[in-house]
Every structure is written in structure tokens, then in C-alpha cells.
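So the sequence shown is numbered by the numbering used here: it starts at 1344 and just counts up by one.
Working notes, beginning with the structure itself.
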Amino acid sequence: MTTDRTTTPATGPDETRFALSCDGITKAFQGVRAVNGATFDVPEGLVTALIGPNGAGKTTVVNILSGSMTCDSGTEHIGGTDVTNWPSYRIARLGLMRTFQLSRELGGLTVLENLLVAAPDQAGESMVNVFFRPSAVRRQERENVARALDILETYGLFHLRDNRASDLSGGQKKLLEISRAVMASPKVLLLDEPMAGVNPALIERIGGYILDLKAAGVTVLMIEHNLSVVERICDHVIVLAEGQTLATGKLSDLRENEEVVQAYLGEVIDASTHG
Ligand SMILES: Nc1ncnc2c1ncn2[C@@H]1O[C@H](COP(=O)(O)OP(=O)(O)OP(=O)(O)O)[C@@H](O)[C@H]1O
Ligand SMILES: [Mg+2]
């Protein structure tokens, strides 16, 4: 079931503000529709889960929303701005950052350097600034280093700052992905399975970090398979199945939705009950 809409409002009927909206997004690979009309709104300032079976098109939707990939049809709005098929650097300038399902650290660089390259609008990227405003460039570099160290401290990576990113464990790479995105001061953060493959203690910690980001005013959309995590930290849930928005709402309501249970929740509940 997709919602039939001709316009994409920046606010809902109850005046909920939407940080991000997509309407009728489609994407085919070699003729196969991976995303088939996905339509949903992401409420501002909340944590929203994007859930659904393997292959439902969740990562493809995030790729499209973040500008890593273009869509074949449909529209995307950030706030009230139509950003359909904008490249990722322009979408990032509007404050939307994302992390990847498989960590994409720059392995040859140190942990600290990974954050420094993620800093937005670096004065030193302009040759004019380098030659004519060297002190301003140096000052910004010092500020970026201080900010990066601060973020690494927050995410428990400070002691690893001079290690090569490729030497980190899987869990530490997940933390580095989030730290890099945070370095760009996002307003909207898309997280693709930020807790996949990490131990229960780290799942707990990452959940806490996500709630801290929400408290700081960041809107979060996260792909997540672990329903106890969704229950604990997500305010709103979007269910994607076969590239379409099957339902949206609170997880407790979705558990009562027969269509959702059949398409996804039943399978997940079974898996958690039987080991
Ligand atoms: N670059 C690509 N080329 C070809 N097919 C692709 C590509 N990316 C995704 N697909 C296909 O599109 C469908 C949706 O994939 P996607 O990765 O978006 O699913 P997902 O919901 O994120 O799944 P998972 O929960 O396993 O991560 C799958 O059938 C996948 O094989
Ligand atoms: Mg995926």
C-alpha cells in the first residue's frame, strides 16, 4: 500500500514538521524494481526506524535520499526544498549526512584524519585562502582538530585517534562512521544498520548516542532489524516491503497490523523466539 499524494507537505495535519519527505520514489536495477513507489515523511527532531525484510529496498532508499544514487521517478524534499536527484555534496550542505551499512572508513588514514576530512566548508580547500588568508586557514584547522578530538572523546575513540582506521574492530568502525557524520554537524542523520554485528554492550551505547543526538535536535532515520532497539529508541516506524511503504506509525500499533506482521514482524518475532 502506498500513500497517494500529489504534493509533499512540510507539515502534517497535526502540525508535525517533516525534516525529510519522499513521494513515489522508484528505482530499478537491470529492469528489477528495487524501490517501487516509496512514500513517507520523517518527522523533525525524532528518531524514526526504517524496517522491512532483507531486500525490501531500505538501503537503496537511503542511497537515493542522501544523493549517493539517483531515482528513476518520484520526489524528495528536505524541509520544504525539492532536492530530487541532487548530488550528495549539495544534500550535505542542507545538513543531511548518512552512514553506510558496510563501514566506509578511509583505511589508510588515522581515526583523527577520518574526521578531519569530514569537516564541512574547509577554508584550506581554497588556494586563495591558503595564499591570502593563511592565519584564518590555520585557525580553522586548529578548531577542526579540537572539535574532532571532542567527538572522538564522546564516542569513546579518543585513545585510538592515531591508529589507522583499517585496524579498528567492526564495532569501532561503526562508531567511526557515526563520528564522521557528526563531524559535519548534521541536522538530519541517516544511519544504515548502525548496530549490525556489534556486541550487546555496544548496541546499548550506540542507542544512547542516538538518543543524545535527538536531544541535541538532530532528526534521525535509522535502518534497523533489531526490534527491541526500535522499541526502545525509535518514536516512529516506517515499514518498507518490496520497495513500497507498507505502513507507518508506532511499533506497538504496527504489531497489531496483520499485513505488517505477515510481511515482516512475524518473521522477526519467530527468529527471536527460536534462537
Ligand atoms: N547496485 C545494485 N545493483 C543491482 N541490484 C541492486 C543494487 N543495489 C540493490 N540491489 C537490489 O535491490 C534490492 C533491494 O536492495 P537493498 O540493499 O536496498 O535492500 P535492503 O532492504 O537494504 O536489504 P538488507 O536488509 O538485506 O540490507 C535487492 O534485491 C538488491 O539485490
Ligand atoms: Mg540494506
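Where is the CB? At the ideal position from N, CA and C, for every residue including glycine.
Distance between residue j and residue i (C-alpha atoms, nearest Å)
i            : j            : result
residue 1636 : residue 1366 : Nothing can be reported for residue 1636: it is not among the residues displayed for the chain, which extend from 1344 to 1618.
residue 1554 : residue 1577 : 9 Å
residue 1394 : residue 1575 : 14 Å
residue 1398 : residue 1503 : 35 Å
residue 1571 : residue 1546 : 11 Å
residue 1446 : residue 1506 : 16 Å
residue 1541 : residue 1573 : 16 Å
residue 1360 : residue 1390 : 13 Å
residue 1419 : residue 1368 : 8 Å
residue 1374 : residue 1415 : 11 Å
Whether residue i touches residue j by CB criterion (8 Å)
i            : j            : result
residue 1603 : residue 1589 : yes
residue 1539 : residue 1442 : no
residue 1454 : residue 1495 : yes
residue 1586 : residue 1379 : yes
residue 1444 : residue 1536 : yes
Close Cβ partners of residue i (< 8 Å) along its chain, the five nearest in sequence each way excluded
i            : result
residue 1349 : Confidence is the limiting factor: at residue 1349 the pLDDT is only 43, short of 50, which leaves the residue's position unreliable and the question unanswerable from this model.
residue 1583 : 1381, 1393, 1394, 1395, 1399, 1400, 1401, 1404, 1589
For residue i: DSSP bridge partner residues
i            : result
residue 1416 : 1369
residue 1561 : Residue 1561 is not bridged to any residue.
residue 1501 : Partner(s): none; residue 1501 has no beta bridge.
residue 1583 : 1588
Distance between beta carbons of residue j and residue i, contact taken as under 8 Å
i            : j            : result
residue 1518 : residue 1500 : 6 Å
residue 1362 : residue 1530 : 7 Å
residue 1381 : residue 1400 : 7 Å
residue 1580 : residue 1392 : 5 Å
heavy atom of ligand 4 below 7 Å from residue i C-beta
i            : result
residue 1444 : With respect to small molecules bound, the structure shown includes ligand 1 and ligand 2 and not ligand 4.
Spatial neighbours of residue i in its chain, beta-carbon cut-off 7 Å, leaving aside the 5 residues before and after
i            : result
residue 1618 : Note that residue 1618 scores a pLDDT of 43, beneath 50, so its modelled location is shaky and nothing firm can be said.
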